[in-house]
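Be aware that the sequence shown starts at 0, since it is given in numbering that gives the first Met the number 0, and climbs by one per residue. The beta carbon of each residue, even a glycine, is placed where N, CA and C say it ideally should be. A short write-up of the structure that comes next.
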Amino acid sequence: MVEKNKTTVARPVKHEAAPSSFRRLKGMKDVLPGDYPVWDFVLRTAFRLADFHGFERVDTPVLENLSLYERSSGRTSDIVTKEMYSFVDKSGDRIALRPEATPGIVRSYIEHGWLNLPQPVKTLWYGPLFRHDKPQLGRYRQHHQINFDIFGEASPLADVQVIFLAHQIVSDLGIKAQVDINSLGCSDCRPNYINKLLAYYREKKHRDQLCQDCRKRLLKNPLRVLDCKEPACINVAREAPQMVDYLCDPCKQHFVKILEFLDGLSVPYNLNSQLVRGLDYYTRTVFELVVPSQTAERPLSLGGGGRYDQLVEYLGGRPTPACGFALGVERLILQLDENHVKVATSQDQPDIFLAQLGDGARLKSLLLFEELRQVGLTIRQSFTKDSLKAQLALASQVGAKYTLIIGQKELLDGTILLRDMESGSQEVLDFKKVKTIMAKRLGKN
Ligand code: HAM
């Protein structure tokens with residue numbers, strides 16, 4: 000029989016011994032407390048400019064159907080063939096952790112009928128992406144991108160706007176980057192170019208120098224041979240036919256217009272005929288923002304993008320021209336670190352440190368903490384510490400301009416002690432007036 004009202008006490012569960020330490024997965028990064036100011040600086044700079052240019056924030060899920068990427072990024076792309084984190088879920092669906100944002104954004108554009116909104120639709124997207132790549136400096140298995148895309152605009156001025164914006168963001172971050180740019184033509188002119196390219200690479204003296212991967216690429220995706228990083232392949236690519244020489248008239252005019260505007264806007268660019276980008280959906284313009292790296296082997300690509308006029312239709316939507324780019328957040332931060340950029344934060348020099356002795360003073364101090372926050376002052380405190388000496392030491396350590404002290408005496412007579420941390424001078428203030436006095440002294444009224 001079960002005894003009534005008898006409380007059962009849960010027995011402690013015997014756990015298996017914990018492994019001595021867990022470590023993060025290979026190629027993954029933790030963002031630590033001291034890292035955040037610079038993340039914040041990068042995101043704020045990018046979001047502010049995106050807003051100025053009329054981009055609106057969207058988000059998409061981390062998981063999508065695997066076939067979305069196979070169809071858009073490309074069945075033969077490195078992302079799909081080598082780098083995707085994919086699995087079959089409990090419903091038997093083939094799922095992928097997103098390796099890039101563009102396919103998901105296009106899926107969302109079609110699914111929610113953004114076509115019926117006034118065009119162009121300009122989207123801003125930020126989030127983590129997953130690529131099972133070989134980790135190295137600036138290349139992680141989870142990284143973050145800020146994506147900017149313009150849908151429903153075929154004019155070369157849309158390409159100019161995204162390149163200009165990309166350049167403005169990195170410049171505002173204090174980074175000097177160069178724009179590498181190329182045109183990949185369209186479905187009218189590219190096939191002719193590919194034939195010329197294949198003819199060049201099939202010449203024995205050229206083919207014999209190619210790496211094994213490039214020999215396969217020649218069969219499946221010949222353009223990719225141009226951006227192989229093997230020294231021998233780079234050498235052969237130098238003399239290869241260039242797409243810009245085979246552009247049809249509309250593609251040529253489109254490209255020339257972009258370059259004219261970039262000249263007019265003083266955006267430094269470099270015509271790079273080997274730039275093809277690793278994703279299959281690009282048409283016409285492709286570009287990357289690159290910087291020489293002091294620590295990585297090759298120039299670092301901080302971001303890249305281009306035009307993808309056929310992707311919306313290819314994924315089931317109505318024909319919609321589009322272009323965009325993405326910046327790699329970790330790469331931007333790496334560059335800021337290499338340039339030793341120090342980002343100031345509100346924590347750097349707090350206006351006031353609050354110190355107190357005893358529980359009564361602590362309560363009053365907590366209430367004042369909230370009042371001072373409301374007038375916009377930056378406050379540091381250590382409500383858990385009992386020793387006044389330790390609190391004053393902390394106030395100097397964090398560089399507070401003033402310390403406000405409530406001890407037993409101040410608690411009884413309704414005052415508060417104000418200490419100027421630089422001069423060491425002290426004055427007694429009426430507790431009721433402290434908020435107004437401090438706001439005035441620190442220019443917050
Ligand atoms: P993506 O060139 O593959 O383009 O990536 C954009 C940027 O993300 C790169 O330039 C680089 O800064 C950063 N990135 C890429 N992979 C990694 C990695 N493994 N670790 C750290 N950073 C990385 C795209 O993904 C296109 N969807 C961009 C786009 C948007 N095109 C049109 N709209």
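Report task. With DSSP as the reference, please indicate the residues paired to Leu128 in a beta bridge. Result -> To locate residue 128, count along the sequence shown from 1; it is residue 129. Note: Leu128 sits in a beta bridge opposite His142.
Requested in this report: Find out if the Cβ-Cβ distance for the pair Gln167, Asn269 is shorter than 9 Å.
Outcome: Counted from its first residue, the sequence shown places residue 167 at position 168. Counted from its first residue, the sequence shown places residue 269 at position 270. Cβ distance not < 9 Å, so Gln167 and Asn269 don't count as in contact.
**Report entry** Spatial neighbours of Tyr84 in its chain, beta-carbon cut-off 7 Å, leaving aside the 5 residues before and after
**Finding:** On the sequence shown, residue 84 is found 85 positions in, with the first residue counted as 1. Taken in chain order, the residues that qualify are Ala95, Leu96, Phe129 and His131.
Query raised in the report: Is it the case that the Cβ atoms of Asp350 and Leu376 are separated by a distance below 9 Å?
Result: For the purposes of this step, residue 350 is identified with residue 351 of the sequence shown, where counting begins at 1. For the purposes of this step, residue 376 is identified with residue 377 of the sequence shown, where counting begins at 1. Cβ distance < 9 Å, so Asp350 and Leu376 count as in contact.
Query raised in the report: Quick one: what's got a C-beta closer than 8 Å to Lys25's C-beta in the same chain, skipping five residues either side?
Result: Stepping through the sequence shown from its first residue, residue 25 is reached at position 26. Once the five neighbours on either side are set aside, the close Cβ partners of Lys25 are Pro134 and Arg140.
Query - Limits of the alpha helix (DSSP H) - the one that Thr414 falls within - result: Working through the sequence shown from its first residue, we reach residue 414 at position 415. Here Thr414 belongs to no alpha helix (DSSP H); instead the beta strand (DSSP E) covers Thr414 to Asp419.
Query raised in the report: Using the C-alpha atoms, what's the distance from Ile145 back to Pro32?
Result: Reading the sequence shown from its first residue, position 33 is the one you call residue 32. Reading the sequence shown from its first residue, position 146 is the one you call residue 145. So the alpha carbons of these two residues sit roughly 21 Å apart.
Query raised in the report: Can you name, in chain order, every residue of its own chain whose Cβ lies under 6 Å from the Cβ of Ile415, other than the five neighbours on each side?
Result: Here residue 415 is taken as the residue at index 416 of the sequence shown, counted from 1. Within the same chain, Ile415 has close Cβ partners Leu403, Ile405, Glu409, Leu428, Phe430 and Val433.
Query raised in the report: What is the DSSP secondary structure of Cys188, reduced to helix, strand or coil?
Result: One-based indexing of the sequence shown puts residue 188 at position 189. Residue state, collapsed to three classes: coil.
Requested in this report: Can you tell me which of Arg106, Glu202, Thr344 and Gly277 puts its alpha carbon nearest to the alpha carbon of Pro36?
Outcome: Here residue 36 corresponds to residue number 37 of the sequence shown, with the count starting at 1. Of the listed residues, the one whose Cα sits closest to Pro36 is Thr344.
Query raised in the report: Quick one: is Glu152 near chain B, going by C-beta distance under 9 Å?
Result: The structure shown has no chain B; it contains just one protein chain.
**Report entry** Nonlocal neighbours in the same chain, by C-beta distance under 7 Å from His205, ignoring five residues either side
**Finding:** The sequence position of residue 205 within the sequence shown is 206, counting from 1. Cβ within range, chain order: Tyr199 and Val235.
Query raised in the report: Can you find a heavy atom of ligand 1 that lies under 8 Å from the Cβ of Phe51?
Result: Mapped onto the sequence shown, residue 51 falls at position 52. Because no heavy atom of ligand 1 lies under 8 Å away, the Cβ of Phe51 does not count as near it: no.
Report task. Mind reading off the beta-carbon distance from Ile180 to Phe352? Whole number of angstroms is fine, and I expect it under 8 Å. Result -> Along the sequence shown, read from residue 1 onward, the residue named residue 180 stands at position 181. Along the sequence shown, read from residue 1 onward, the residue named residue 352 stands at position 353. With 8 Å as the limit, Ile180 and Phe352 do not qualify as a contact, their Cβ atoms being about 52 Å apart.
**Report entry** Sequence-distant residues of its chain with Cβ nearer than 6 Å to Tyr68 (five each side left out)
**Finding:** Taking the first residue of the sequence shown as position 1, residue 68 is located at position 69. Counting only Cβ-Cβ distances below 6 Å, and skipping sequence neighbours, we find Val79, Ala95 and Pro102.
Query raised in the report: If you follow the beta strand (DSSP E) that Tyr401 is part of, which residue opens it and which one closes it?
Result: Locating residue 401 in the sequence shown gives position 402, where the first residue counts as 1. Tyr401 -> beta strand (DSSP E) spans Tyr401 to Ile405.
Report task. Measure the CB-CB distance between Phe150 and Trp124 and report whether it falls below 9 Å. Result -> For the purposes of this step, residue 150 is taken as residue 151 along the sequence shown, with counting starting at 1. For the purposes of this step, residue 124 is taken as residue 125 along the sequence shown, with counting starting at 1. It is not a contact, given that the beta carbons lie outside the stated cut-off.
**Report entry** Local Cβ density within 10 Å of Ala45, reported as buried at 16 or more and exposed below that
**Finding:** Position 46 of the sequence shown, counting from 1, holds the residue named residue 45. Ala45 comes out buried.
**Report entry** Complete alpha helix (DSSP H) runs within the stretch 144–221 (minimum length 4 residues, chain order)
**Finding:** 155–171, 189–201, 203–206 and 211–219
Query raised in the report: Any idea which residues DSSP pairs Ile378 with across the strands?
Result: Residue mapping note: residue 378 aligns to position 379 of the sequence shown, counting from 1. According to DSSP, which records beta bridges pairwise, Ile378 is partnered with Ile351.
Report task. Output the distance between the C-alpha atoms of Val328 and Val41, rounded to the nearest integer angstrom. Result -> One-based indexing of the sequence shown puts residue 328 at position 329. One-based indexing of the sequence shown puts residue 41 at position 42. So the two alpha carbons sit approximately 7 Å from each other.
Report task. Have a look at Asp358 and Leu367 and give me their C-alpha separation to the nearest angstrom. Result -> As a working mapping, residue 358 is identified with position 359 in the sequence shown. As a working mapping, residue 367 is identified with position 368 in the sequence shown. Each residue's Cα considered, the two are about 14 Å apart.
Query raised in the report: Is Leu280 helix, strand or coil when you go by DSSP?
Result: Mapped onto the sequence shown, residue 280 falls at position 281. The question names Leu, but residue 280 is Tyr in the sequence shown. Coil at Tyr280, not helix or strand.
Query raised in the report: With respect to 8 Å, is the separation between the Cβ of Leu222 and the closest non-hydrogen atom of ligand 1 below this value?
Result: As a working note, residue 222 is residue 223 in the sequence shown. No, the Cβ of Leu222 stays beyond 8 Å of every heavy atom of ligand 1.
Report task. To the nearest angstrom, report how far apart Tyr281 and Lys400 are at their CA atoms. Result -> Taking the first residue of the sequence shown as position 1, residue 281 is located at position 282. Taking the first residue of the sequence shown as position 1, residue 400 is located at position 401. Taking the straight line joining both Cα atoms gives about 55 Å.
Query - CB-CB length for Ile174 against Gln309, believed under 8 Å - result: Counting from one through the sequence shown, the residue named residue 174 turns up at place 175. Counting from one through the sequence shown, the residue named residue 309 turns up at place 310. Contact flag wrong, Cβ pair sits at about 32 Å.
Query raised in the report: Got a sec? Which residues, its chain only, sit under 7 Å from Val397 by beta carbon, not counting five neighbours each side?
Result: For the purposes of this step, residue 397 is taken as the residue at position 398 of the sequence shown. Excluding residues within five positions, the ones whose Cβ falls inside 7 Å are Pro349, Phe352 and Arg379.
Report task. Measure from the alpha carbon of Arg330 to the alpha carbon of each residue in Pro291, Val342, Pro320 and Gly316, then state which is nearest. Result -> Start at 1 with the first residue of the sequence shown, and residue 330 comes out as number 331. Nearest C-alpha to Arg330: Pro291.
Query raised in the report: Is it the case that the Cβ atoms of Arg283 and Gly184 are separated by a distance below 9 Å?
Result: For the purposes of this step, residue 283 is taken as the residue at position 284 of the sequence shown. For the purposes of this step, residue 184 is taken as the residue at position 185 of the sequence shown. Yes; because the gap between Cβ atoms is below 9 Å, this pair is in contact.
Query raised in the report: If you draw a straight line from the C-alpha of Ser66 to the C-alpha of Arg106, how long is it?
Result: What you label residue 66 is simply residue 67 of the sequence shown in a count that begins at 1. What you label residue 106 is simply residue 107 of the sequence shown in a count that begins at 1. Roughly 12 Å separates the two Cα atoms.
**Report entry** C-alpha distance - Ala153 paired with Leu441, whole-angstrom precision
**Finding:** If you number the sequence shown from 1, residue 153 lands on position 154. If you number the sequence shown from 1, residue 441 lands on position 442. Taking the straight line joining both Cα atoms gives about 52 Å.
Query raised in the report: In or out: Leu365 buried (at least 16 other Cβ within 10 Å) or exposed?
Result: Position 366 of the sequence shown, counted from the first residue, corresponds to residue 365. Label assigned to Leu365: exposed.
Query - Val275 versus Ala394 - alpha carbon distance - result: Here residue 275 refers to the residue found at position 276 of the sequence shown. Here residue 394 refers to the residue found at position 395 of the sequence shown. Cα to Cα, Val275 sits roughly 55 Å from Ala394.
Query raised in the report: I think Leu264 touches Phe147, with their Cβ atoms under 8 Å apart; what is that distance to the nearest whole Å?
Result: Mapped onto the sequence shown, residue 264 falls at position 265. Mapped onto the sequence shown, residue 147 falls at position 148. About 17 Å separates the two Cβ atoms, so there is no contact after all.
Requested in this report: Grab me the residues of Phe54's own chain with a C-beta within less than 7 Å of its C-beta, minus the 5 sequence neighbours each way, in chain order.
Outcome: Along the sequence shown, one-based indexing puts residue 54 at 55. Cβ within range, chain order: Lys121, Thr122, Leu123 and Phe147.
Requested in this report: Leaving aside the five residues before and after His111 along the sequence, list all residues of the same chain whose C-beta is less than 8 Å from its C-beta, in chain order.
Outcome: Mapped onto the sequence shown, residue 111 falls at position 112. Hits under 8 Å: none found.
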